[in-house]
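Everything on this sheet refers to the single structure shown next.
Protein chains in written order, with my numbering: chain E, 71 to 732; chain F, 6 to 303.
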């Protein structure tokens, strides 16, 4: 009796112990238990086999939805051909069996690879189109797959359907051998496929690769300026998405034993897209739940005679309702529920007299656009960057002794008959702040784009850090050590400030895509180092207050600073600023000028700025170039430029401006 | 060679009604795309519903009034989809708008399947069904009607766009919504007008095509896919391009099957057209794309 009193009840004991472990362990434990239950329930519960079949179907739907999250949700490429990729995976599995007699699971790699390959092929074609053009491209692809590929007897098999007669893993009757005719066994196989897909996709999301996906979706120009190979990442996304869809197809035909083309037609692609949208296009858990929901609906509407044939109607209503009422889908509903749940838990804990525990679990994730606000990363306190040796202030006399960072020689850019830039040469030397000014339409931005690689000069050469960069793409130039900002701000609208900056660590993080999928020690270490580096820059530019705000909605001046910060995070020793003061008021412009001087002194970056604001340029630069009507009008120190009659006449106009700035 | 020409000729004549229908559909897709930057994936449903309406009304009020009423219903359907789905999703994203049309498509197709069943029904005969012999092929009078109506509609369309104030306003609003609004044009109204026009054309094409090929809630809406190819071949925002694209699609369907063993394979024309469309996209594609932070969600 006494003992029983002293010892708490076992349930309470487990609960206390559970509360005591760290959130991270708690999460892994929960995942482990959930997985165990997910695997074991068909054996534990007295459940009719068709329900197990539904669970298999739900896993397959979930996989296809995950493939859509990757491609459409993260990279922003609408795919109306997802069912075609699934179909290729399924029919290839049957084809491999017909030709080589190889079945599950040995045919898996080839089946998945052919889906991925076809998806990459579609991606290659669609590389240069985007948005709705891309959607039409995938639609046409689905049409072709439907009419040609899935109608071809060499691919699908005679009689217009493919079948897979044996469903045994291993040698029949031998050991180990699993008879997949038992749906419970196959359910475990399908579930493992889904778990694998989710595991890889979520690892990818929180890695350098995932950030590159988001960056490509947000702004391709900016992504390239951070050194991301936009082409590579688009193709990668198509490839992974195709592979995951192909895996779903492979599992489907192995589970069903046969497949017909109608299961992979255009309507099916629309159906899969519906699942992904109802789940919330960005969210892996959301779409998996949606997959289960649709599989469940299938079953209910099939079983209940009164509901027969209403499933399409109901899914249509469901999709439309979700879109109109709750555009973020099941994921959004889940997020709202979690918020309410957290406040209820806090209330409960306060009532129990244990305040604050509701805050205990700081999310580990970074891509907060997906998950809402993330306070965890802010807690990483870092020291200020060691102040670098401040380089001596540039004097015009020793200008020629410094190393050349950028030389543009005789750049000419023609657009048809229009000569936008006519034989302009300029040089930027190490540690300098160089200004490029000129009236509207003088060709400043065209020249700037020719230097950064956005459009190729008709003639002339660009050398960056001594290397010939003429003809290099934007991301290759970024690799040489050039960062830039944009006149029309090019931040990634879906990401918060921290993640925008984290995306800029792309080049300094040398880990590869495979390491991101499986998460190695090295990739984790690199990720930590990148985060610390970003926090340093955030502190330096005093962006801590907005670090976890999404960029859309921030004031313009802050956005300019964030863009500058992003260029600095790349670690590029040479940064080009395209009209950094445009849209800023006088006070902000002054602050910006101060900031540029501090950055040069502290970090030793070399700067080239294009500006409208003459006062600002003469105030901070060591050397200036003036262009007018595409030609170089003058060059020299700010003092020389201010005295230059031609410049005053052509551009400055009123001497008063010069006096103010002198 | 002569055999090839003869086969191709006959095939092209047989494909003529398809060209007419695709041209009508593609015109609608393009008008709607220009006005609201939405890929109207519900277009096939908007085309098929009027065909069923005509089918149901014809025994009661006679074929011609039924067809007129049905075409109008197509226009109304287009306006409703724009007003209650596409416009409301504009604030969310372009993707959401396009997916919204997917939802309308699925809902309408399911609705038609429930109301009229999933067996093939005969479409309403607008003109008396008569056969003419050309070479070895039989050509039907309603096929010609389809081509004639399509040509008339396309002509009327261009006249509307080039010659009327509404056409001018629609073109302006399509190019720049805000500027058009500053000029005193209500962009919402021109958008509605575009969807009305797209719906009318879709309805007309759907009714005529149903007369030629029959009515089915799943098959007829999917006839929209070649029209999307036609619209894309023409550049997706050019009306003249859409008609030209429809011609190319029709000709490919006619000619490719006469090209030896490859051509006789099922789906060979579709493969050729897909490759053609991809080639054109590859040539027309632009450079890197910028973002617009102020636009917010994408």
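Note that the Cβ used here is the ideal one computed from N, Cα and C, for glycine as well. This structure is a prediction, so every number in the text was calculated from the model and none was measured.
Is residue i close to chain E, meaning its C-beta is less than 7 Å from at least one C-beta of that chain?
i	result
residue 104 (chain F)	yes
residue 122 (chain F)	no
residue 101 (chain F)	yes
residue 279 (chain F)	yes
residue 149 (chain F)	no
residue 228 (chain F)	no
residue 83 (chain F)	no
residue 2 (chain F)	The displayed coordinates of chain F run from 6 to 303. Any statement about residue 2 (chain F) would go beyond what the structure contains.
residue 13 (chain F)	no
residue 54 (chain F)	no
How big is the Cα-Cα spacing for residue i and residue j?
i	j	result
residue 107 (chain F)	residue 229 (chain F)	13 Å
residue 252 (chain F)	residue 22 (chain F)	11 Å
residue 206 (chain F)	residue 112 (chain F)	21 Å
residue 210 (chain F)	residue 34 (chain F)	12 Å
residue 547 (chain E)	residue 629 (chain E)	24 Å
residue 245 (chain F)	residue 65 (chain F)	38 Å
residue 154 (chain F)	residue 211 (chain E)	30 Å
residue 38 (chain F)	residue 242 (chain F)	7 Å
residue 286 (chain F)	residue 196 (chain E)	7 Å
residue 368 (chain E)	residue 62 (chain F)	34 Å
residue 128 (chain E)	residue 362 (chain E)	4 Å
residue 377 (chain E)	residue 79 (chain F)	29 Å
residue 232 (chain E)	residue 226 (chain E)	6 Å
residue 264 (chain E)	residue 133 (chain E)	6 Å
residue 634 (chain E)	residue 409 (chain E)	34 Å
residue 136 (chain E)	residue 395 (chain E)	23 Å
residue 276 (chain E)	residue 306 (chain E)	16 Å
residue 171 (chain F)	residue 59 (chain F)	29 Å
residue 464 (chain E)	residue 472 (chain E)	Residue placement at residue 464 (chain E) cannot be trusted, given a pLDDT of 49 that sits under 50; what the coordinates show is reported in the next sentence. In a straight line, the C-alpha of residue 464 (chain E) is about 9 Å away from that of residue 472 (chain E).
residue 171 (chain E)	residue 219 (chain E)	22 Å
Check the Cβ-Cβ distances between residue i and every residue of chain F, and say whether any is below 7 Å.
i	result
residue 689 (chain E)	no
residue 386 (chain E)	yes
residue 342 (chain E)	no
residue 214 (chain E)	yes
residue 210 (chain E)	yes
residue 527 (chain E)	no
residue 403 (chain E)	no
residue 413 (chain E)	no
residue 397 (chain E)	yes
Please state whether the Cβ-Cβ distance between residue i and residue j is less than 7 Å.
i	j	result
residue 700 (chain E)	residue 513 (chain E)	yes
residue 668 (chain E)	residue 502 (chain E)	no
residue 226 (chain F)	residue 254 (chain F)	no
residue 401 (chain E)	residue 344 (chain E)	no
residue 678 (chain E)	residue 498 (chain E)	yes
residue 214 (chain E)	residue 276 (chain F)	yes
residue 280 (chain E)	residue 189 (chain E)	no
residue 68 (chain F)	residue 212 (chain F)	no
residue 234 (chain F)	residue 158 (chain F)	no
residue 366 (chain E)	residue 156 (chain E)	no
residue 342 (chain E)	residue 144 (chain E)	no
Looking only at its own chain, which residues have a Cβ that is under 7 Å from the Cβ of residue i, when we skip the five neighbours before and after it?
i	result
residue 177 (chain E)	163, 166, 167
residue 527 (chain E)	481, 482, 483, 520
residue 535 (chain E)	475, 550, 551
residue 698 (chain E)	508, 509, 512, 720, 721
residue 491 (chain E)	481, 482, 483, 513, 516, 517, 520, 700
Can you name the residues of chain A whose CB is closer than 7 Å to the CB of residue i?
i	result
residue 93 (chain F)	No chain A is present in this structure, whose protein chains are E and F.
So, for residue i: in the same chain, excluding its five sequence neighbours on each side, which residues have a beta-carbon less than 8 Å away from its beta-carbon?
i	result
residue 230 (chain E)	221, 223, 330, 331
residue 457 (chain E)	The predicted position of residue 457 (chain E) is uncertain, since its pLDDT is 32 and thus under 50; a value taken from the coordinates is nonetheless stated next. 672.
Grab me the residues of residue i's own chain with a C-beta within less than 6 Å of its C-beta, minus the 5 sequence neighbours each way, in chain order.
i	result
residue 460 (chain E)	Note that residue 460 (chain E) scores 37 on pLDDT, short of 50, meaning its location in the model is unreliable; the coordinates nonetheless yield the value given after this. For residue 460 (chain E), where only same-chain residues beyond five positions count, the Cβ hits under 6 Å are 671.
residue 425 (chain E)	Low confidence applies to residue 425 (chain E): its pLDDT is 47, below 50, so where it sits in the model is not reliable enough to give any reading.
residue 147 (chain E)	141, 204
Within the segment 196 to 277 of chain F, ranges of the alpha helix (DSSP H) (whole runs, at least 4 residues): Segments of the alpha helix (DSSP H) lying fully in the segment 196 to 277 of chain F: 224 to 227, 229 to 238, 244 to 260, 265 to 269.
Sequence ranges, beta strand (DSSP E) only - wholly within the segment 231 to 305 of chain E, length at least 3: Contiguous beta strand (DSSP E) elements confined to the segment 231 to 305 of chain E do not occur, taking only those with 3 or more residues.
Complete runs of the alpha helix (DSSP H) confined to the segment 625 to 692 of chain E [at least 4 residues]: 626 to 639, 656 to 673, 684 to 690
Uninterrupted alpha helix (DSSP H) stretches inside the segment 97 to 166 of chain E (no shorter than 4 residues): 119 to 138
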